[in-house]
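These notes are about the structure you will find just below.
There are 2 protein chains.
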Amino acid sequence: MTSFTEENYLKIIYKLSAETDNEISTNAVAELTQTKAASVTDMLRKLSEKQLVSYQKYQGVRLTEKGEKVALMVIRKHRLWEVFLVNKLGFNWDEVHEIAEELEHINSDELVQRLDEFLGFPQCDPHGDPIPNRHGLMPELGYKNLSEITVNQQVVMMGVAQHSTNFLQYLAKIGLNLGAKIKIIEINDFDKSLTIKIGVKKECFLSNEVAKNVLVKAIKMD
Amino acid sequence: MTSFTEENYLKIIYKLSAETDNEISTNAVAELTQTKAASVTDMLRKLSEKQLVSYQKYQGVRLTEKGEKVALMVIRKHRLWEVFLVNKLGFNWDEVHEIAEELEHINSDELVQRLDEFLGFPQCDPHGDPIPNRHGLMPELGYKNLSEITVNQQVVMMGVAQHSTNFLQYLAKIGLNLGAKIKIIEINDFDKSLTIKIGVKKECFLSNEVAKNVLVKAIKMD
DNA sequence: ATATATTTTTAGATTAGTCTAAAATTTACT
DNA sequence: AGTAAATTTTAGACTAATCTAAAAATATAT
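Taken in order, these protein sequences are the chains called A and B.
Residue numbers for the first sequence follow the working numbering, beginning at 514 and rising by one.
Residue numbers for the second sequence follow the working numbering, beginning at 514 and rising by one.
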């Protein structure tokens, strides 16, 4: 059995691992868990004894297959609950993260399966993040960052790569909502900032920083 | 803020208080929390410092108004989640208690309100227990024990006063389901056991012990 | 009413998760 | 390669919740 706290460490190590092939540093984990490096060291030793991570002092940490499975199940629960909160209870997508952080630790395979079914087996959560299936398989959605799209291409907004309330509210303010049709009007060579058209109405300016965090899907031209 | 553990103690003290006007004993609490009396003593001192209970050593414990409010909110959440699990996810009523024990500690007033609304503001949970409203008011449903009903009266099964899986499965086996129409055919003077008719089909025999734990509502004769 | 039994509390220890401060190790820079 | 800087680990302590064993208080019974 894994505790609430252990699950949080595993989830965070998983997320850090997605960005690199190297071992994850103690400090990186400490930053995301909001604890001190000393506490992380203790926990890594414990997770290592439980075979959930492979860890050698001073050399960083990596999830074992077993640890990755646990992390994926926590992420699965988190994202399914987010879908529930938004689609069924009518929460806004920038309000659900905290609550899902609690719900993700509820222990019942049966519950997760039935919830998944109740929600219609969604492929992604309200932020566009893919939801691992019951076997821990993460669906490949093939979304791109808006910053990778070329001029004149038409795309649909599918999600975000950053979940801060700040960022989500900024998107809401400029009218960049999930499902919005976006056309790239111009790319500024100097700073890679964009002028885009949202739907039929607005033209609007986006920094590259923002564009990198917007996930889009190309519209099939037929 | 109250911890998971504190909330469980408050809930249990609340339940014990429903059966008596006297102070609740340390041992009674220990039995239901599945801990030792020594642990209960420690916790009671702590809850007392937080003004959630009034407690004097050797004299038992009682909830304060503040403590009762917390207990009622936990019970509210527990019962709402049970309704969700049964009505929305299709769980059987004897499968939901354990899961609701976890869900009841999720902290978000907004979540509870929206869940309540999503479920259509139910008055009672799948076992017929009343659900406190957002102000902590427990609706008076006026259900009676089947053991209090007189011969020839018609009643409808509304819930149970005992939640053990054993008991619930026994009811299922004899066909005594929520909403079943019951008519008392005969009451045995000696041991207060009953012969009843369930719906149109079955006649069946019930011990007084079982009858005391079946909640019913009289059918209005018009 | 006094001894006995029961209940409750205290004292001291344990576990999980955290902390600070100091020591050890690794990395980075001339 | 040698030293300074940064990172990581160790050592020792704290809190919440629990335990066991012993002491204290209350209840019971002749």
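Note that beta-carbon positions come from the ideal geometry of N, C-alpha and C, so glycine has one too.
For E595/A and L624/B, the rounded distance between their alpha carbons:
One alpha carbon belongs to L624/B, the other to E595/A, and they sit about 12 Å apart.
Pick from I525/A, N600/A and I711/A: whose alpha carbon is nearest that of T546/A?
For the residues I525/A, N600/A and I711/A, the minimum Cα distance to T546/A belongs to I525/A.
Looking at V574/B and E617/B, is the spacing between their C-beta atoms short of 8 Å?
Not closer than 8 Å, so no.
Quick one: is D702/B buried, meaning 16 or more other Cβ sit within 10 Å of its Cβ, or exposed?
Flag for D702/B reads exposed.
Under three-state DSSP, which class holds Y571/A?
In this structure, Y571/A counts as coil in the three-state DSSP scheme.
Enclosing beta strand (DSSP E) for G672/A [first to last residue]:
For G672/A, the uninterrupted beta strand (DSSP E) run begins and ends at Q667 to V673, by DSSP.
Quick one: is Y683/A buried, meaning 16 or more other Cβ sit within 10 Å of its Cβ, or exposed?
Using a 10 angstroms sphere on the CB of Y683/A, the tally of other CB atoms stays under 16, which defines it as exposed.
Against chain B, with Cβ distances strictly below 8 Å, would R627/A count as a contact?
Interface residue, yes.
Residue range of the beta strand (DSSP E) that includes F718/A:
Taken as a continuous stretch (DSSP letters only), the beta strand (DSSP E) holding F718/A covers K715 to L719.
Given this structure, state the Cα-to-Cα distance separating E661/A from G672/A, to the nearest angstrom.
The straight-line gap from Cα to Cα measures roughly 15 Å.
Are at least three pairs of beta-carbons, each pair with one atom in the stretch 590 to 607 of chain A and one in the stretch 638 to 658 of chain A, less than 8 Å apart?
Yes, the stretch 590 to 607 of chain A touches the stretch 638 to 658 of chain A.
List, from N- to C-terminal side, the alpha helix (DSSP H) runs of 4 residues or more that fit wholly inside the stretch 632 to 695 of chain B.
The qualifying runs are 678 to 687.
Does the Cβ of D622/A have 16 or more other Cβ atoms within 10 Å, making it buried, or fewer, making it exposed?
Per the 10 Å Cβ criterion, exposed.
Can you name the start and end residues of the alpha helix (DSSP H) that L598/B belongs to?
Element bounds for L598/B: n/a, residue is neither H nor E.
Is there at least one Cβ from chain A nearer than 8 Å to I644/B's Cβ?
Contact with chain A is absent for I644/B, since none of that chain's Cβ atoms lies less than 8 Å from the residue's Cβ.
Using 8 Å for Cβ pairs, my map puts W606/A next to L681/A. What's the rounded Cβ distance?
About 6 Å separates the two Cβ atoms, so the contact holds.
Mind checking if I612/B is an interface residue toward chain A, Cβ cutoff 8 Å exclusive?
Chain A, which has a Cβ nearer than 8 Å to the Cβ of I612/B, makes this yes.
Taking the CB atoms as reference points, tell me whether V664/A and E699/A lie closer together than 8 Å.
A contact, by the Cβ cut-off of 8 Å.
When you compare only the Cα positions, how much space is there between K715/B and T548/B?
Going from the Cα of K715/B to the Cα of T548/B covers about 44 Å.
If you draw a straight line from the C-alpha of N600/A to the C-alpha of E608/A, how long is it?
N600/A and E608/A have their alpha carbons spaced roughly 13 Å apart.
For T515/B, count the other beta carbons within 10 Å of its own beta carbon; 16 or more makes it buried, fewer makes it exposed. Which is it?
So T515/B ends up on the buried side.
On a Cα-Cα basis, can you pick out the residue from G603/A, V669/A and F517/A that is closest to E614/A?
Check the Cα spacing between E614/A and each of G603/A, V669/A and F517/A: the tightest is with F517/A.
N658/B vs L576/B beta-carbon contact at 8 Å
Contact: no.
Other residues of its chain near K696/B: CB distance less than 6 Å, five sequence neighbours each side excluded
Only Q667 and K710 meet the Cβ criterion.
Report buried or exposed for N535/B, applying the criterion of at least 16 other Cβ atoms within 10 angstroms of its Cβ.
When all chains shown are included, N535/B counts as exposed.
Beta-carbon contacts of M739/B that lie in its chain and below 6 Å, excluding the five residues immediately before and after:
Nothing in the structure corresponds to residue 739/B, since chain B is present only between 514 and 735.
Out of A674/B, E722/B and K705/B, which one is the CA nearest neighbour of A531/B?
The residue with the shortest Cα to Cα distance from A531/B is A674/B.
Beta-carbon proximity list for L560/A, same chain, < 6 Å, skipping 5 on both sides:
Non-local C-beta neighbours of L560/A in its own chain, meaning closer than 6 Å and more than five positions away in sequence, comprise V566, ordered along the chain.
Would you tell me roughly how many angstroms separate the C-alpha atoms of N521/A and I619/A, rounded to the nearest one?
Rounded to whole angstroms, the separation of the alpha carbons of I619/A and N521/A is 13 Å.
Got a sec: is the Cβ-Cβ distance from L602/B to anything in chain A below 8 Å?
So, interface residue.
Alpha-carbon spacing of K570/A relative to Y656/A, whole angstroms:
Taken atom to atom, the span from the alpha-carbon of K570/A to that of Y656/A is near 37 Å.
Using the three-state DSSP reduction, which class does E699/B fall into: helix, strand or coil?
E699/B: strand per DSSP, three-state reduction.
Can you give the Cα-Cα distance for R558/B and L529/B, rounded to whole angstroms?
Distance between R558/B and L529/B, taken at the CA atoms: about 18 Å.
Neighbouring residues, chain B, relative to E615/A (Cβ below 7 Å)
Correct list: I619 and N620.
Between which two residues does the beta strand (DSSP E) harbouring K730/A extend?
First-last of the beta strand (DSSP E) with K730/A: V727 to A731.
According to DSSP, is L565/A helix, strand or coil?
In this structure, L565/A counts as coil in the three-state DSSP scheme.
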